[in-house]
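Numbering (our numbering), first residue to last: 19 to 328.
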Amino acid sequence: MQQFNPRALEYLNAVKRFGSIRKAAARLNVDPSAISRQISQLEDTVGMAVWDRMNTSNPVTPAGAELLRYYKQMKASEAATLSRLQDLIGLRTGDVRIAVGEGFISDLISSSLQSFLTAYTGIHIDVEIAGAKDAVQMLEDDQIDFAVTYAPARNPKMHCLVEKHHPLDLITPYGHPLSRTDTPLTFSDIVNTPLALIDSSTGIGRLVSLVQEVSHVRLEPRLKTNSVAVVKNFVTSGMGITFMPRLTVIGEIRARKISTVTMAHSALSQARVCVLCVKGRELTLAAQAFLDHLKQSMSFLMVNADEVGC
19 MQQFNPRALE
29 YLNAVKRFGS
39 IRKAAARLNV
49 DPSAISRQIS
59 QLEDTVGMAV
69 WDRMNTSNPV
79 TPAGAELLRY
89 YKQMKASEAA
99 TLSRLQDLIG
109 LRTGDVRIAV
119 GEGFISDLIS
129 SSLQSFLTAY
139 TGIHIDVEIA
149 GAKDAVQMLE
159 DDQIDFAVTY
169 APARNPKMHC
179 LVEKHHPLDL
189 ITPYGHPLSR
199 TDTPLTFSDI
209 VNTPLALIDS
219 STGIGRLVSL
229 VQEVSHVRLE
239 PRLKTNSVAV
249 VKNFVTSGMG
259 ITFMPRLTVI
269 GEIRARKIST
279 VTMAHSALSQ
289 ARVCVLCVKG
299 RELTLAAQAF
309 LDHLKQSMSF
319 LMVNADEVGC
C-alpha cells in the first residue's frame, strides 16, 4: 500500500468537520474539484471508499473514520515533537487551546491565567467557553488541547488527566427555608419552589436531566438558560433556587448571599470535575506546562469540595 498523502488526509478531515466538499473548499480557499480529486486518489490508495456522497447523515465510511483517527494522531504527534524541539531552547513560545465551562472562569482568571502568562510571556492561550458536551466535540475535532469539564458523560475516546470531587448542590438565597434542613433533599422536596435550570449541554444540566428521569420527578423551571451567571443572579436576587457546585459560588457563600444544600441522589453527590484530552494524543509541551500550572493554582483542580472552607 502506498504512503498516505497528508494533503488528502487534511482535505478529508475538513470535509468531515464542515459537512460537505463545497463548505470545506470555501473554508480552505481551494477549488471543490481539488478536494474531490484528492479524496478520489485517497480511495484509490486504500482500495476502499472513504466518503459516501449519497449518505447525508453519516457520510464518513469506516475506512474514512480510520484514516481520520490516523490523521489526528499524526498531527498531535507532530505538534508534540515540535513542542519538544522548542524545549531545547527553553519554553519561550507556544500556543495552548483549551475549553472550560463558564462556572470555572472566575477560578481560572483570578490567579491561574494571570500568573502563567506572567511567567511564560511567549506562550499564547486560547480559551473557549463550552459546556461538557461541546468541549468533548471540540476535542474530537482537534480544536483544543484539553478541556476543564464538569460531570462529562463517559466517552471511550477521552482520557481524564485530572479528577476532583465537586458535588452538585442545591443553591438557595441566604437563609431560605430549604437551607435550614439537616438532611439531604430530593427532587420531590423542591418541586414546588421557583427554579432556574441551565442547559443540558452542560454537565450540570445533564445531571439534573438524569436525576429527573431516574427519580420520575419532573422539575418545571421558571427560568431556563445556558448561562451560569444568569442562574447565579436568579438566586442572589431572591427569585428562587438552582443547582451548582459549591466552589462556583464560594464568594457569594462567604458574603452570605447564597446558601448550599446537599442533594440526596448519588449522581449529584458524586459529581466530579475532569480535565479531558483525547486518549492517545500527546499534549504539547506548552499545554502540559499550563495544565501543571492549573493543578497547582486553580481551586477546582487543587482540592476536593470537602477540603474548601467557607
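Each residue gets a CB set at the ideal place from its N, CA and C atoms; glycine is no exception.
Residue i to residue j span [Cα, whole Å]
i: F134; j: M320; result: 16 Å
i: E96; j: G298; result: 13 Å
i: S317; j: A52; result: 49 Å
i: L203; j: L309; result: 36 Å
i: E28; j: A214; result: 43 Å
i: A26; j: L60; result: 6 Å
i: D144; j: A165; result: 12 Å
i: M19; j: T63; result: Residue placement at M19 cannot be trusted, given a pLDDT of 45 that sits under 50; what the coordinates show is reported in the next sentence. For M19 and T63, the distance between alpha carbons rounds to 7 Å.
i: L312; j: M72; result: 46 Å
i: S197; j: K93; result: 51 Å
is_contact[residue i, chain C] using C-beta, thresh 7 Å
i: I57; result: Note that chain C does not occur in the displayed structure, where there is just one protein chain.
Buried or exposed by the 16-neighbour rule on C-beta atoms within 10 Å, applied to residue i
i: H184; result: buried
i: G65; result: exposed
i: L86; result: buried
i: S284; result: exposed
i: V209; result: exposed
i: R290; result: buried
i: K175; result: exposed
i: S206; result: exposed
i: Y88; result: exposed
i: N31; result: buried
i: S130; result: buried
i: G140; result: exposed
Closest Cα partner of residue i within the set the options
i: I276; options: V291, A289, N251; result: N251
i: A307; options: T243, F122, A98; result: A98
i: S75; options: P50, K34, D49; result: K34
Residue j beta carbon less than 7 Å from that of residue i
i: V246; j: E120; result: yes
i: V249; j: T260; result: yes
i: A117; j: E146; result: yes
i: R115; j: I162; result: yes
i: A323; j: R272; result: no
i: V180; j: V296; result: no
DSSP bridge partner residues for residue i (one or two, in chain order)
i: G112; result: I141
Cβ-heavy atom distance, residue i to the ligand SAM, below 6 Å
i: L60; result: This structure lacks the ligand SAM; in fact it carries no ligand of any kind.
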